[in-house]
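Chemist:
Residue numbers (the working numbering), protein chains in the order written: chain A, 1 to 74; chain B, 1001 to 1912.
(1) Specify the secondary structure class of residue 1032 of chain B as computed by DSSP and reduced to three states.
(2) Please report how far the alpha carbon of residue 1775 of chain B lies from the alpha carbon of residue 1668 of chain B, in whole angstroms.
(3) With a CB to CB cut of under 8 Å and the five nearest residues on each side skipped, what residues in its chain are close to residue 1437 of chain B?
(4) Using a Cβ-Cβ distance cut-off of 9 Å, determine whether residue 1262 of chain B contacts chain A.
(5) Using a beta-carbon distance below 9 Å, is residue 1622 of chain B in contact with chain A?
(6) Please confirm whether residue 1382 of chain B has its beta-carbon closer than 9 Å to some beta-carbon of chain A.
(7) Taking residue 1153 of chain B as part of the beta strand (DSSP E), name the residues at either end of that continuous run.
(8) If you draw a straight line from the alpha carbon of residue 1554 of chain B to that of residue 1519 of chain B, how long is it in whole angstroms?
(9) Step through the CB atoms of chain A and report whether any lies within less than 9 Å of the CB of residue 1496 of chain B.
(10) Residues of chain A with CB under 7 Å from residue 1280 of chain B, in chain order?
(11) What is the residue span of the beta strand (DSSP E) that residue 1524 of chain B lies within?
(12) Taking only beta-carbon positions, decide if residue 1378 of chain B is within less than 9 Å of chain A.
(13) Quick check on the burial criterion: 16 or more other C-beta atoms within 10 angstroms. Buried or exposed for residue 51 of chain A?
(14) Alpha carbon to alpha carbon, what distance is there between residue 1274 of chain B and residue 1350 of chain B?
(15) Output needed in chain order: residues of the region 19 to 37 of chain A with a Cβ under 8 Å from some Cβ in chain B.
(16) Residues of chain A with CB closer than 7 Å to the CB of residue 1552 of chain B, please, in chain order.
(17) Excluding five sequence neighbours on each side, which residues of the same chain lie with their C-beta closer than 6 Å to the C-beta of residue 1623 of chain B?
(18) The beta strand (DSSP E) spanning residue 1707 of chain B covers which residue range?
(19) What are the boundary residues of the alpha helix (DSSP H) that includes residue 44 of chain A?
(20) Compare the beta carbon distance of residue 1429 of chain B and residue 1480 of chain B with 9 Å and say whether it is the shorter of the two.
(21) Does the region 1105 to 1119 of chain B come into contact with the region 1171 to 1184 of chain B, if we say contact requires no fewer than three beta-carbon pairs (one atom in each stretch) closer than 8 Å?
(22) Please confirm if residue 1493 of chain B has its CB atom under 9 Å from at least one CB of chain A.
(23) For residue 1192 of chain B and residue 1198 of chain B, I'd like the C-alpha separation in whole angstroms.
(24) Using 8 Å for Cβ pairs, my map puts residue 1501 of chain B next to residue 1411 of chain B. What's the rounded Cβ distance?
(25) Measuring only the C-alpha atoms, how far is residue 1144 of chain B from residue 1162 of chain B?
(26) By the 9 Å beta-carbon criterion, what residues does the region 1401 to 1414 of chain B contribute toward chain A?
(27) State buried or exposed for residue 1097 of chain B, treating a residue as buried only when at least 16 other CB atoms are found within 10 Å of its CB.
(28) Under 9 Å between C-beta atoms, does residue 1075 of chain B make it to chain A?
(29) Can you pull the chain A residues whose beta carbon is under 7 Å from the beta carbon of residue 1220 of chain B, in chain order?
(30) Name, in chain order, the residues that DSSP records as bridge partners for residue 1556 of chain B.
(31) Counting Cβ pairs, one atom from each stretch, are 3 or more of them under 8 Å apart for the region 1303 to 1312 of chain B and the region 1066 to 1073 of chain B?
(32) Mind checking if residue 1520 of chain B is an interface residue toward chain A, Cβ cutoff 9 Å exclusive?
(33) Could you spell out the range, first to last residue, of the alpha helix (DSSP H) harbouring residue 1325 of chain B?
(34) Considering only residues of the region 1814 to 1902 of chain B, which uninterrupted beta strand (DSSP E) runs meet the minimum length of 3 residues and lie entirely inside it, listed in chain order?
(35) Should residue 1133 of chain B go down as buried or exposed, given a rule of 16 or more other Cβ atoms within 10 Å for buried?
(36) Cβ of residue 67 of chain A less than 9 Å from any chain B Cβ?
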């Protein structure tokens, strides 16, 4: 796994580096401002889904940033 | 949604949002835009888009799992289901500072795997037969299994438990069931936004009977590169205390040696063993959001989670097959007997996880849609590496509909300490032998005294003296249990730590109604299969599926004031000024006020708490236990238990609309949850009544909980008259039986207790007619009113065979304005309710007064003290709040009931 991780990280770093070059003027951002382009367009849904996933899967909680507890002991 | 207020970069608007400035040239526009960048209001959104406007959300969801594979043995337990209620809101305190809150409550119940064993044991899911037909299975976690010399299990028929004589390598979950349990979580947050940065802090807690967590979080965002790039960061900490109430049914059968010093006794002899532990989780995330082009952006982050402490699931046990080395080493033995014992699982005390998230979002202009593609990789030091791929397509459909189909694939590796079950080449327990090879005995009456014997006939004491026969008769063999050092340090058979893959798909559908009201519904189907794991694929015994469905109403408070709602007043944001606010009745009055104008719309939330505890009452007086034992239940069954407390919480959403000036229609979904506990009744001589054979017992400190959707009210309110200072209306209401009336308790003490007490069921189970007549008056600072109403059950019985009593209530109140926005009220209330008619037509627990229909209803006189507030101006103008405490004054109970201690009603409403 570790052998694959490093190239992935590098690839992402390169992508981010390239992005610095783009220039999208403020008046060209109409599409980006649409509700459908939000990073999380349906937060109520994703909160609900991720609670189910985290009680059924062993990956780190998808919403780890929002905290929250609960055993999910079932 | 909120983007129209914060993120409208295409059109430049003047300050009161009423007029579009014509764009004459690119340069002018550029100059204006540059100027706008330094103005408050953030005309250009951060690429991270994290500033929603003022809003309130209500959501209800249901999770339901499919049955597990028990290889033909019918489970009599329902699969796991959960009912989830969520409410949240965001309010602006200033232009740049926002307060947020969230509340989530989930109640779950159903069958859950307690351990995994070979299918070939003589226990496991032991079939229960009735008239030679298998009707279900009960969990038997301690059992025996026959093994060949390669330690492969020799199969048994899952139903008859007869040996098949051939190797059967299959594993099976042993299913146990749980009574309903409720978790509540509350969180609060504060955020502040600068032009190119933001910071937020939040915290909260989660409470359930056996698991309490508190959490805090701090994070922020920095925009740069002309808001093409945003960097996000946050850190959080969660502290959890576990107090697992070890099940009084499985307790004797689960081996918990490893946790002996973490287990304490609570509640005395009739109490429970509680396994205590705590755990700490630290989280840190760092992310970048980058605009790639005018149609695409990329969001990436890396997160690190460190956890330590008690990370076990205290209700999961590992099956260990103990093999006597004597049998195993004896080459003459064809088959070896394995003794299956369940040990509470043992996970490592430390876990480190790293997760890498990437999301790419692209606007598909021909369809005006957005494609979201996500990938997530996580690795951890338990060996659970995971991959998640997901894709969704957000498609606006016109007419304010948006449909978002979504698909997700997940795969995880097996934790390095996971196995279905373990083998240990030692006896689970064997007679203790001393250094000289003599068997050790202990004195039955004094466990500190040891005797030694080489032949089983002559016994020697610790000093080597022969003891006489009378003393030797008290000797019994001393046993030693297995050597834990020969077992792995960590082990778990929790299928969530096994390797598997999961595929799920679903959709979200949203519809914008008018005036900032959105409806949202979501559905997802999820299927887990070991064969779908990337790279390998184990046995399929733990495969299952579930579906979730949910519905939400979202209120966008900002949109109401600023966007083109026909009622919005662009030059006067004082929302209150467009409604002539007449006084509202006290909070405990339902269906007590009407909207004034055609087209008005109101959404509200109503919370009611009802407390009973203290002494048991008969009629108007308290009674002693002996009277309850003799008279509280039935002639043939004496009462053995009585409630110590019962609390009911009711959450209601009020949705009210005025199609005409004289008619309002109203819809009120409700969500109920209740908890109660019982105690033994004691006879005058201090003993407890005898237990009839086969009847339900109750012990432990846990109590009972239920919670889910209650009944739904539908109403039409018709105005009778309205003259200055006086108004009257009738309410023609119905209650639809959406609350369950067939909730069962879990199996305990090898008995199925059947349906839970009447008062713990969540609805009436019948269609009910609920008429009422309300009059209100007001003059200057004074207000007054009266209401009579009732509930008439319109069916003979519900699906469980009984019918709640009818109800009549009359109340009158007076109020005085303490301030123009604040009214205090006092109210007198008379209530009559009939006893329950008929009885459960299925088995119920029948152990105490709460299980018998005659012990419900009565006549009650109460007094209510209330406060109503209407926020007159400013940011929160138009919000109304009401509180009322209802204090019992005099009670005349039917039969035997717990004393009433009062009710609280709290309401919030907002009229559009």
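Glycine residues also receive a C-beta, built at the ideal position from the N, C-alpha and C atoms.
Modeler: In terms of the structure at hand:
(1) Caution applies to residue 1032 of chain B, whose pLDDT of 48 falls short of 50 and renders its modelled position unreliable; the value that the coordinates give is listed next. Note: residue 1032 of chain B maps to helix in three-state DSSP.
(2) Residue 1775 of chain B and residue 1668 of chain B: Cα-Cα distance of roughly 22 Å.
(3) Here the set comprises 1454.
(4) For residue 1262 of chain B, the nearest beta carbon of chain A is not closer than 9 Å to its own beta carbon.
(5) Not closer than 9 Å to any Cβ of chain A, the Cβ of residue 1622 of chain B fails to qualify, so no.
(6) Taking a beta-carbon distance threshold of 9 Å, residue 1382 of chain B counts as an interface residue toward chain A.
(7) Where residue 1153 of chain B is concerned, there is no enclosing beta strand (DSSP E), given that its DSSP letter is neither H nor E.
(8) Straight-line measurement puts the Cα of residue 1519 of chain B at about 6 Å from the Cα of residue 1554 of chain B.
(9) At a cut-off of 9 Å between beta-carbon atoms, residue 1496 of chain B makes contact with chain A.
(10) Here the premise fails: no neighbours, minimum Cβ distance about 12 Å.
(11) For residue 1524 of chain B, the enclosing beta strand (DSSP E) covers residues 1517 to 1529.
(12) At a cut-off of 9 Å, the C-beta of residue 1378 of chain B has a neighbouring C-beta in chain A.
(13) With 16 or more other Cβ atoms within 10 Å, it is buried.
(14) Each residue's alpha carbon lies about 23 Å from the other.
(15) Those residues of the region 19 to 37 of chain A that come within reach of chain B (Cβ to Cβ, closer than 8 Å) are 19, 20, 22, 23, 24, 25, 26, 27, 28, 29, 30, 31, 32, 33, 34, 35, 36 and 37.
(16) For the C-beta of residue 1552 of chain B, the chain A residues within less than 7 Å are, from N- to C-terminus, 44.
(17) 1616, listed in sequence order.
(18) Counting along the chain, residue 1707 of chain B sits inside the beta strand (DSSP E) bounded by residues 1704 to 1709.
(19) Unbroken alpha helix (DSSP H) run through residue 44 of chain A: 43 to 56.
(20) It is a contact, given that the beta carbons lie within the stated cut-off.
(21) Cβ pair count under 8 Å is three or more, so yes.
(22) No, no contact with chain A.
(23) Across the structure, residue 1192 of chain B and residue 1198 of chain B are spaced so that their CA atoms are roughly 6 Å apart.
(24) Contact annotation, residue 1501 of chain B with residue 1411 of chain B: C-beta distance approximately 4 Å; criterion of less than 8 Å satisfied.
(25) Rounded to whole angstroms, the gap between the alpha carbons of residue 1144 of chain B and residue 1162 of chain B is 13 Å.
(26) When C-beta distances to chain A are compared with 9 Å, the residues of the region 1401 to 1414 of chain B below that value are 1402, 1404, 1406, 1408, 1410, 1412 and 1413, in chain order.
(27) Flag for residue 1097 of chain B reads exposed.
(28) With 9 Å as the cut-off, residue 1075 of chain B does not count as an interface residue toward chain A.
(29) Simply none; closest approach about 12 Å.
(30) DSSP lists B/1055 as partners of residue 1556 of chain B.
(31) Short answer: they don't touch.
(32) Yes, its Cβ sits closer than 9 Å to a Cβ of chain A.
(33) Element bounds for residue 1325 of chain B: 1325 to 1329.
(34) Taken in chain order, the complete beta strand (DSSP E) segments of 3 residues or longer contained in the region 1814 to 1902 of chain B are 1822 to 1833 and 1858 to 1870.
(35) The residue in question, residue 1133 of chain B, is exposed, as its Cβ has fewer than 16 Cβ neighbours within 10 Å.
(36) At residue 67 of chain A, the pLDDT of 46 sits below 50, so the modelled position is not reliable; the number obtained from the coordinates is stated separately. Yes, because at least one Cβ of chain B sits closer than 9 Å to the Cβ of residue 67 of chain A.
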